[in-house]
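Some notes on the structure that comes next.
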Amino acid sequence: MRSLLTILFSLVALVVSAGIIEVGKDKNTKSLKLGVSLAKSGDTIMLYPGLYREGNIVISKQIQLIGVGNPVLDGELKHEMLTITGHNIVVKGITFRNAGYSSFNDYAAIKIIDAGNVRVEDNNIINSSFAIHIANSTESIIRGNTIRGNNKSEHSSGNGIHLWKCSGMLVENNSIEGHRDGIYFEFVTFSNIVKNRSEKNIRYGLHFMFSNDDNYQDNIFRNNGAGVAVMFSKKVTMTRNHFEENWGAAAYGILLKEIKEGTIRQNTFVKNTVGIFMEGSSRLNIEKNVFMNNGWAVKVQASCDENTFNFNNFYGNSFDVSTNGTMTLNKFSGNYWDKYEGYDLDRNGVGDVPFHPVSMYGMIIEQNPTTLILLRSFMVSLLDKAEKAIPSLTPENLIDDKPMIKPHRL
Amino acid sequence: MLKLTRYVLYDIIRSRVVLAYAVFLLLVSFSLFQLEENHSKAILSLLNIVLIVVPLISMIFTTIHYYNSYEFIELMLSQPLSRTRILLSEYAGVAISMIAAFLLGVGVPVLVYSPDPTGITLIFTGAGLTLVFTSIAFLASVKARDKARGIGSVLLLWFYFSLIYDGLVMLILFAFSDYPMEKFTLLLAALNPVDLGRISIMLKLDVSALMGYTGALYKDFFGSNTGVLFTSAMMLVWTAIPLWTALVIFQKKDM
Amino acid sequence: MIRIENLKKKFKKLQALDDINAIFSSGQVISLIGPNGSGKTTLIKTILGMVKADSGKVFVDSKPINGDPSYRSNIGYMPQIGRYPDNMKVGHLFSMMKNIRTVPESSLDTDLLVRFNLVSIFDKPMRTLSGGTRQKVSAALAFYFNPDILILDEPTAGLDPLSSEILKEKILQEKRKNKLILITSHILSDLDELTTHVMYLQEGKMIFLKDIETLRRETGEDKLVKAIAGIMRSDKKNALWIDEVLAIKATKENP
């Protein structure tokens, strides 16, 4: 009884402060377009179940568009459905499908442009090239949306959540599948990407460029065409993400290119062709991550320097570390390597002889990839053992001076 | 034929060597699974056992058994039994007991601790390699004049299949590194049963690495149903041809 | 029962059998004699199919012996040195042979088993037996299936006098049943009374094959040993005898 009263009172309060416009087949307002044009700033539009084919709708007023009981907007593969510009706008609980595609314009199911404090929540976006396209906006929240692309070719498909030139954004709890890039960041600063799930996208699960001071954590990136790419950015923090089953000749758990001063902590890399691929990156702290059953856990190109790998666990990877150079400007220390065969006489948990994470055969593979057919052969293991005893080809200084005897509890 | 096989089996079991082999495998497998927190690492060590120890023991045991059963074979030859039947019975007896020992020693622990596709592949590969190398050892034994030569040639064969062959493959791959060698490499792998077995397990264990570079080609071929069929067929060929050759030689042999 | 035509066999440089022709018929006890390495055992093994001839033919019951091994069900063979699977027990050996040949219990000849008292050692493994006891086992096994042809390679060597006597009696018994018995030996004294024919081999050649009466007459020696020794001493006589052998052969082929 009391709760009912509360609801009644709050409804009254809403009516007083702002108007409610009901749009539905059996309501006074039958068309959403009409509803939007009727609404004043501060109004709420309640969209009732039904199928709405109304082309492009532009929202530039401070309104809340709330779907009740899953109404469906259909773009008939021709139109951009919702264009949002302005401040303090909410779009919630609506299914968008069949947004148009154009090779000129980036048509999207929801386009947000020159906006601030927009919230796009709990929507379903199906079969669109771009799902949510945001440009030149600030302080907005994209949360709890389910986005399913049609998984066509890389050229004809758009990105799931696309942010360009934004700041202070939060992308949270979304689930994205079957787009070109699951989440796309370009020139986006001071933003967070949290608890999203990005899978089976044609290219990258997350594509991240020229975006500084961002943070992404607790996301799952799985089975994307090329994994995750983080490029040309500074001060990016990546925490507790899962990078899984990104398979292919150019697929990486994360591809790091020209990244400075970032942190990669407590992530899990499982069954990727390459866990982390680093190129031209420096001053990254890579710590407490788990690398398991990857083809190559880490590939560090010679162009990287001053990166530190501490307290990570490496298990069951075909190759732990590989590099294309002989210079070693990066530091490995205190990691657990399942391939370590040393001893710990003083029983302090740290192996008494350093570990060489780069194997002889790893170097051979770099030169002649066809020899991958000899992986796990008796000859290769003899070769590796011989190289460990008398290093000649592998970089002599690329060592972990404090290899752990037991894996870290992470 | 089964009658004769039964007596061969009886004789082998009485000698207890096979039992020791089974117990050895069992102890190694269980201790690997006990020692390693991570089962995949234990599987990796078992892979080496399957690829190295199984062929070696299969061949040496077969050779010793053949020479130890010389009397039995002689006795049987004076009976109204065909030579083909006698040798096939011997083969069946040895192969069955070796496979049984392997299944007990490696199969059971793997099924207990790690009953996944990798484990199953490991078991099948081990059984396949047992069949192949028992057959090869029969050929070597029938061909060699005495026990010492027999064991010597079997050791050389083992060395060749488990080490030298792969070395040659690597030399070839480097010598012709300017040419597309991927398809040719597939052929090379098929010409060594140890490599075939290794690749089938590698497909499960290192699938992530195989998806990169040229590995994807290997994965596409060996990982497909056709590839599995091809691998099994090649294993059968590797069993049948040495055994058949051994039969032909045995037919003409003076005892 | 056994016809041998132009049989030749060479081991490396050694001509083990050099154009052997002979006919053995039922009711005969043929002593196959000659110095060591004269080809006696090779001849026997060729008849048994254990050694494959280079050329020439062997017929058993007027069928050539290539291919079908079933003719051996009609032959009982006692090897020179009986070698048996070490771990097999004596009783098991007999039951195994019975099992392999699938003959009804009633047709078995257990005479020697009883007379040598082998039943008492049925649970002893073969490897624990002395050479003499093995010979007894071999003998019992040769007669076990009541075959029409008995091939005994040095049967009395290593047997104690008592057992030797038992075996002789047994051979005599079988001779009376009109069987063909082929015995090799290089000492004949103890088989004198059994032999009906002597076949003499030297360096792979058949020097003669004649019945014992003729032999005695020609050498003027009553004792077979002395008769043979006489032949061995004098080379000249051989040439004469070869003609006679051929003559005998001719009459045997056209009886």
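Residue numbers (the numbering used here), protein chains in the order written: chain A, 1480 to 1889; chain B, 14 to 268; chain C, 157 to 411.
Every residue gets a Cβ at the ideal spot worked out from N, C-alpha and C, and that includes glycine.
- A direct Cα-to-Cα measurement between V182 of chain B and G1579 of chain A gives close to 55 Å.
- By the CB criterion at 7 Å, P1833 of chain A and D1799 of chain A fall outside the cutoff.
- Within chain B, the residues E87, L90, S91, D267 and M268 have their CB atoms less than 8 Å from the CB of M206 of chain C, given in chain order.
- For chain C, the residues of the region 67-86 of chain B that bring a beta carbon within less than 8 Å of one of its beta carbons are N81, S82, Y83, E84 and F85, in chain order.
- Put simply, the backbone Cα of V1707 of chain A is about 18 Å away from that of D1692 of chain A.
- In the DSSP assignment, M247 of chain B falls within the alpha helix (DSSP H) that extends over N238 to K265.
- Contact note: N243 of chain C reaches chain B through D24, R27 and S28, using a C-beta cutoff of 7 Å and chain order.
- Each residue's CA atom was taken as its position, placing I1604 of chain A and V1715 of chain A some 29 Å apart.
- Of all residues in the region 1818-1851 of chain A, only N1847, P1848, T1849, T1850 and L1851 place a beta-carbon less than 7 Å from a beta-carbon of chain B.
- W1775 of chain A sits in a strand when the DSSP states are folded into three classes.
- The continuous alpha helix (DSSP H) containing D179 of chain B extends over residues Y178 to A188.
- A direct Cα-Cα distance of roughly 25 Å separates E1724 of chain A from E1665 of chain A.
- DSSP, reduced to helix, strand and coil, places S1860 of chain A within a helical segment of the structure shown.
- Of the residues A:T1668, A:V1749 and A:M1710, the one whose Cα lies closest to the Cα of Y1683 of chain A is A:M1710.
- The Cβ neighbour count for K196 of chain B, taken over all protein chains shown within 10 Å, is under 16; the residue is labelled exposed.
- Its chain contains G106, I109 and S110 as the residues whose beta carbon lies nearer than 8 Å to that of L22 of chain B, once the 5 sequence neighbours on both sides are disregarded; these appear in chain order.
- DSSP places Y233 of chain C in the uninterrupted beta strand (DSSP E) bounded by I231 to M234.
- Among the residues of chain B, those whose CB is under 7 Å from the CB of Y240 of chain C are E84 and L88, following chain order.
- Cβ-Cβ distances below 7 Å link K166 of chain C to A172 and D210 in the same chain, with the five nearest sequence neighbours on each side left out; the list follows chain order.
- The beta strand (DSSP E) runs of length 3 or more contained entirely in the region 1783-1845 of chain A are, from start to end of the chain, 1787-1789, 1792-1794, 1798-1802 and 1810-1812.
- Between I1620 of chain A and R1598 of chain A, the C-beta gap is smaller than 7 Å, which places the two residues in contact.
- Nearest to L1526 of chain A by C-alpha distance, out of A:L1517, A:S1516, A:G1534 and A:L1544, is A:L1544.
- Secondary-structure assignment with DSSP links D1553 of chain A through a beta bridge to A:R1576.
- Cβ-Cβ separation between A296 of chain C and L274 of chain C: approximately 6 Å, consistent with a contact (criterion under 8 Å).
- Per DSSP, reduced to three states, the secondary structure at L306 of chain C is strand.
- C-alpha of K366 of chain C to C-alpha of T258 of chain B: approximately 44 Å in a straight line.
- Counting the other CB atoms within 10 Å of its CB gives P1836 of chain A a total of 16 or more, which places it among the buried residues.
- The C-alpha of L59 of chain B lies about 28 Å from the C-alpha of N1768 of chain A.
- Three or more beta-carbon pairs drawn from the region 1861-1872 of chain A and the region 1838-1850 of chain A are found closer than 8 Å, and the two stretches are therefore classed as touching.
- I212 of chain B carries a helical assignment under DSSP once its states are collapsed to helix, strand and coil.
- As a beta-bridge residue in DSSP terms, Q358 of chain C pairs with C:K361.
- Residue-level contact by beta carbon fails for K1867 of chain A and chain B, as no gap is shorter than 7 Å.
- Looking from the CA of N51 of chain B, the closest CA among A:N1792, A:H1721 and A:T1873 belongs to A:N1792.
- Taken in chain order, the members of the region 175-197 of chain B whose beta-carbon sits within less than 7 Å of a beta-carbon on chain A are S175, L176, D179, G180, V182, M183, L186, F187, S190, M194 and E195.
- CA-to-CA, the gap between D1505 of chain A and E1559 of chain A works out to about 26 Å.
- Along the length of the region 68-93 of chain B, whole alpha helix (DSSP H) runs at least 4 residues long occupy 83-90, reported in chain order.
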